[in-house]
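Asker: Going by this note's numbering, the sequence shown opens with residue -1, and the numbers climb by one from there.
Glycine is no exception: its CB is placed at the ideal position from the N, C-alpha and C atoms.
Values in this document were obtained by computation on a predicted structure and should not be read as measured data.
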Amino acid sequence: MDYTDYARRIRSHASLGELSEYGQVHEGGRDYPLFRLIVPGDRWLVITSGFHGEEPAGPLTLAKHLPDIVAYAKSKGVGLRVYPCINPSGFEDGTRYNRSGEKPNNDFMRYEIAPGEWRGELVGDPPILRWALYDGGPKETRAVRSDLARFPAPDAALDIHQDNYLGGVATYAYTFGDTAAYRPLTEASAAHATVVKSRKVDDNAYADENGLIFFHDGSVTDWYMRQGVPYAAALETTTPTSQDACDAVNLIWIRGFIDLAARGEGPTR
-1 MDYTDYARRI RSHASLGELS EYGQVHEGGR DYPLFRLIVP GDRWLVITSG
49 FHGEEPAGPL TLAKHLPDIV AYAKSKGVGL RVYPCINPSG FEDGTRYNRS
99 GEKPNNDFMR YEIAPGEWRG ELVGDPPILR WALYDGGPKE TRAVRSDLAR
149 FPAPDAALDI HQDNYLGGVA TYAYTFGDTA AYRPLTEASA AHATVVKSRK
199 VDDNAYADEN GLIFFHDGSV TDWYMRQGVP YAAALETTTP TSQDACDAVN
249 LIWIRGFIDL AARGEGPTR
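1) For S87, is the classification buried or exposed, using 16 other Cβ atoms within 10 angstroms of its Cβ as the cut-off for buried?
2) Helix or strand or just coil, what does DSSP make of T266?
3) State the DSSP-derived secondary structure class of L127, mapped to helix, strand or coil.
4) Just list the beta strand (DSSP E) runs in the segment 61 to 87, keeping only unbroken ones of 3 residues or longer that don't cross its boundaries, in chain order.
5) Please identify the residue among K137, G92, H63, V247 whose C-alpha is closest to the C-alpha of S187.
6) Any idea if Y163 is buried or exposed, counting beta-carbon neighbours within 10 angstroms, 16 or more meaning buried?
7) Which of the three DSSP states, helix, strand or coil, is assigned to F283?
8) Give the single residue among L14, F149, Y20 whose Cα lies nearest to the Cα of K137.
9) Look at the Cβ atom of A191, then the Cβ atom of T173, and state whether they are nearer than 9 Å.
10) For R267 and A130, what's the separation of their Cα atoms in angstroms?
11) How many angstroms separate the CA atom of M223 from the CA atom of L233?
12) So what's K101 in DSSP terms, helix, strand or just coil?
13) My output table needs one value for G21: the three-state DSSP class, helix, strand or coil.
14) In terms of residues, what are the limits of the alpha helix (DSSP H) holding L183?
15) Would a C-beta distance cut-off of 9 Å place Y81 and V121 closer than the cut-off?
16) Let me make sure I understand the geometry here. Which of S240, A171, A230 has the alpha-carbon closest to that of L210?
17) On the premise that G166 lies in contact with P238, defined as a C-beta separation below 8 Å, what is that separation, rounded to the nearest angstrom?
18) With 16 other CB atoms within 10 Å as the buried threshold, where does P125 fall?
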């Protein structure tokens, strides 16, 4: 989809809350606006999507269903900060990375595992000396991270992705926090896609019996987990999954995370 058309769809929802541009990125001789929608509430959920351009389902779900999402959040007293498409040139080109070949996603933070030895991902859960925000990385990550850092940590955070590797119609999630809170979401999702269970999904990630993965990967949800956000997840549906099925799964998790944010447990430190 041409990003101009996508931007038009997002702008059509301006009446739902405070819709603004938190920045722009320049790719291929063109400026792309970066959108954020804020809807006030007593508790807060952050929704991010579109880090990878060949994973369009999340941005499309949000563009189509924002009115319903906002209405449900308001009914629960939950405020939203929604970043619907973080990598616009990748989204427009259908490529994983941006048009410059930079790789937005796993570059919010770094871990020091030994003096002077820093890693972006932790295989397993080894001891760490400390973690720190990463000041480098692609322009898209720098832009969204800078904007997110302007606000207090939310009550919950959901990052919507897709899996372009597994094949089939399937879903799973990377999660932090009490896995019992996520099991109803995977169970409900099973009506629309096969939940990947007890299976390796890539070189460093293995889904448990509930289709959940625990992995410190330097992503936005990892960063929020380190800030004490009690519920943080990156949801995956496979790219062969139809948009209607992806919408259904994404909305199950979005509503579920609105419910989790409404608990009001807040960040713990």
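Answerer: Let's see:
1) buried
2) coil
3) coil
4) 76 to 81
5) V247
6) exposed
7) One cannot answer for residue 283 here, as it falls past the ends of the chain, which runs -1 to 267.
8) Y20
9) no
10) Confidence is the limiting factor: at R267 the pLDDT is only 49, short of 50, which leaves the residue's position unreliable and the question unanswerable from this model.
11) 15 Å
12) coil
13) strand
14) 181 to 187
15) no
16) A171
17) 6 Å
18) exposed
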